[in-house]
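In the order they appear, the protein sequences are chains A and B.
Under numbering that gives the first Met the number 0, the residue at position 47 of the first sequence is numbered 46, and the numbers go up by one with no gaps.
Under numbering that gives the first Met the number 0, the residue at position 62 of the second sequence is numbered 61, and the numbers go up by one with no gaps.
Beta carbons are placed, not taken as given, at the ideal position from N, Cα and C, and that holds for glycine.
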Amino acid sequence: MGNKTPLYDMHVAAGAKLVDFGGWDMPINYGSQLEEHHQVRRDAGMFDVSHMTIVDLRGGRVREFLHRLVANNIDKLKLAGGALYTCMLNERAGVIDDLIVYYCDPHWYRLVVNAATRDKDLAWITRHAAEFEVEVRERHDLAMIAVQGPQARDKTHAALGDTVRAATALQKPFTFVVVGDLCIARTGYTGEDGYELMLPAARAVEVWRKLLDAGVQPAGLGARDTLRLEAGMNLYGTDMDEDMTPLDAGLAWTVGWEPAGRDFIGRAALEAQRERGDAARFVGLVLLDKGVLRNHLPVFAGERRIGEITSGSFSPTLGRAIALARVQGDVGDVCQVEVRGKKIDARVVKPPFVRKGQSCID
Amino acid sequence: MSNLPAELRYTKSHEWVRQEADGTLTVGITDHAQDLLGDMVYVELPEVGREVQAGQECAVVESVKAASDVYSPVGGEVVAVNDAVSDGPETVNKDPYGAGWMMRIKPANTAEWEALLDAQAYQALVDSEAH
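As structure tokens, then:
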């Protein structure tokens, strides 16, 4: 038996198919992954993401600590209420995890890290926090619900009332507001507008029910995966890991190189790689014939094997197979993917594939 | 409990087989199999006229989640395929024993049909895999 989120009974009651995910019993779908996917692209869906690990960091030197801990520069967050996507690297510049940093106040930042990497993340964070006298506290007491889709914000307001509507009226993407015991972040993992709500675990069922009543449909981790793939967002453990740097995983944009003197963990190795110029290329692929792209399928330029797919699936929005792939050298506009012994042409594109319900590749 | 028509025969690899009046055998995948795989997005069928052996891979079904081979329940010749499932793979989810059929085989002999599982034996197999 795995860990259960506060919403476990709601999933069972809704007929969810449950699977183990990073030690948690989580809904993979509630009947049809495709319908849940379309629901998020066209209207509003919600995901129980309470399995994700929320960590609060407090202390007078917490900013100094984060300057050291993560590859992006938290000074990009000028105001409290900002959120920043970043990688946390080891000394070899391999990615330990990707995470979001929330700026609560000058002495308090919050991190949301992956469930599957919880133990190693907490060990790494705690080990490096000591020298900065930063307190590391995991927030087991919080649940997390992601409400995503073009109608997600309207329906969340309808569900949670005028106070929430008013408090979020001027909220920009990648910021959060706090309303009572509710933290409302305008972030997500689908390429749609919406919120990620952090709230007391004891209130999770009540809020989930209100969202259901407002017409937000539950969606499982299956749809979450195809949505994030269409949105061109990396998945930790699949698209990058400790043997890959952010430069190998299409995440150069998340590295805060400036100022040059900020000595984040992994910086020296990452700069050396940048100077060598030997990072892999991380590209999007769209299969030009019928079939489905899967993780680890080999990618060819003619006869030459140039890399492999890191995440592949069927794109419900585009109606064809798409993938993220890591390749070496020049790939051109069309490459070949070997699917069950047969090489099939795929177009090379720059992710994302889909944003806000619209195709980005045609 | 999954839906198991009593008039059909079944395989351990989750195909169903129906004997037609002309002696040909119609083949699809079971309700249990489509449920495990989830939403179908791609079906690859054999060429009509292909000779197949019992237990040989002869088609592929792919859901969002995974790809799975479909095995020929008997030896013989593929005499028809259902292009409607190539064009609309979701038919396999919606009507696995009806419109979601995949191919029709003219069997080389009748002994292999006789050796297939009946609904009760297939149910027992599904139950044992669930534990």
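{"Asked": "Given L269 (chain A), which residues of its chain have a CB within under 8 Å of its CB, disregarding the five upstream and five downstream residues?", "Found": "A70, L88, A92, T244, P245, L246, V254"}
{"Asked": "Taking the straight line between their C-alpha atoms, what separation do you get for Q335 (chain A) and I73 (chain A)?", "Found": "40 Å"}
{"Asked": "Counting only the same chain and skipping the five closest in sequence on each side, list residues whose C-beta sits under 7 Å from that of A366 (chain A).", "Found": "Past the boundaries of the shown model lies residue 366 (chain A); chain A is included only from 0 to 361, so the question cannot be answered."}
{"Asked": "Tell me whether the beta-carbon of F131 (chain A) lies closer than 8 Å to the beta-carbon of E34 (chain A).", "Found": "no"}
{"Asked": "Measuring straight from C-alpha to C-alpha, what distance separates M0 (chain B) and H295 (chain A)?", "Found": "Confidence at M0 (chain B) is low in this model, with a pLDDT of 48, below 50, so the placement of that residue should be treated as unreliable; the coordinate-derived value is given next. Roughly 35 Å between the two C-alpha positions."}
{"Asked": "Comparing C-alpha positions only, which one of A:L198, A:V94, A:L234, A:D104 sits nearest to T4 (chain A)?", "Found": "A:L198"}
{"Asked": "Is any heavy atom in the ligand SAH found nearer than 7 Å to the beta carbon of L141 (chain A)?", "Found": "Summarising the ligand content, the structure contains no ligands, and the ligand SAH is consequently not present."}
{"Asked": "Please compile the residues from chain B whose C-beta is within a distance smaller than 7 Å of the C-beta of L33 (chain A).", "Found": "D38, V63"}
{"Asked": "Just to confirm, is the Cβ distance from A230 (chain A) to T186 (chain A) under 8 Å?", "Found": "no"}
{"Asked": "Would the stretch 143-155 of chain A count as touching the stretch 199-216 of chain A if we require 3 or more Cβ pairs under 8 Å?", "Found": "yes"}
{"Asked": "What residue range is occupied by the uninterrupted alpha helix (DSSP H) comprising F64 (chain A)?", "Found": "61-68"}
{"Asked": "Taking Cβ to Cβ, would you say V146 (chain A) is nearer than 8 Å to G80 (chain A)?", "Found": "no"}
{"Asked": "Using only alpha-carbon positions, find the residue among A:A115, A:V282, A:H106, A:D55 that is nearest to G21 (chain A).", "Found": "A:A115"}
{"Asked": "In the stretch 288-307 of chain A, which residues sit with their C-beta less than 9 Å from some C-beta in chain B, listed in chain order?", "Found": "K289, G290, V291, R293"}
{"Asked": "If you reduce the DSSP assignment to three classes, tell me which class D86 (chain B) lands in.", "Found": "helix"}
{"Asked": "If contacts are defined as beta-carbon pairs under 8 Å, then A142 (chain A) and A200 (chain A) qualify, I think. What distance do you get, rounded to the angstrom?", "Found": "5 Å"}
{"Asked": "Which term fits S127 (chain B), buried or exposed, when burial requires 16 or more other beta carbons within 10 angstroms of its beta carbon?", "Found": "exposed"}
{"Asked": "Please confirm whether G148 (chain A) and E191 (chain A) have their CB atoms less than 8 Å apart.", "Found": "yes"}
{"Asked": "Can you give the Cα-Cα distance for L121 (chain A) and C57 (chain B), rounded to whole angstroms?", "Found": "49 Å"}
{"Asked": "Compute the Euclidean distance between the alpha carbons of Q18 (chain B) and I308 (chain A), then round it to the nearest angstrom.", "Found": "42 Å"}
{"Asked": "Kindly list, in the order they appear in chain B, the residues whose Cβ is closer than 7 Å to that of N28 (chain A).", "Found": "G37"}
{"Asked": "Using the rule of at least 16 other Cβ atoms within 10 Å of the residue's Cβ for burial, across every protein chain shown, is K77 (chain A) buried or exposed?", "Found": "exposed"}
{"Asked": "Taking a cut of 8 Å between CB atoms, which residues from the stretch 194-224 of chain A lie near chain C?", "Found": "Absent from the structure: chain C. Protein chains present are A and B."}
{"Asked": "Quick check on S312 (chain A) - is its C-beta less than 8 Å from some C-beta in chain B?", "Found": "yes"}
{"Asked": "Report buried or exposed for A83 (chain B), applying the criterion of at least 16 other Cβ atoms within 10 angstroms of its Cβ.", "Found": "exposed"}
{"Asked": "Excluding the five sequence neighbours on either side, which residues of its own chain have a C-beta within less than 8 Å of the C-beta of L323 (chain A), listed in chain order?", "Found": "L228, G231, N233, D238, G249, F281, V282, G283, L284, I308, T309, S310, G311, P350"}
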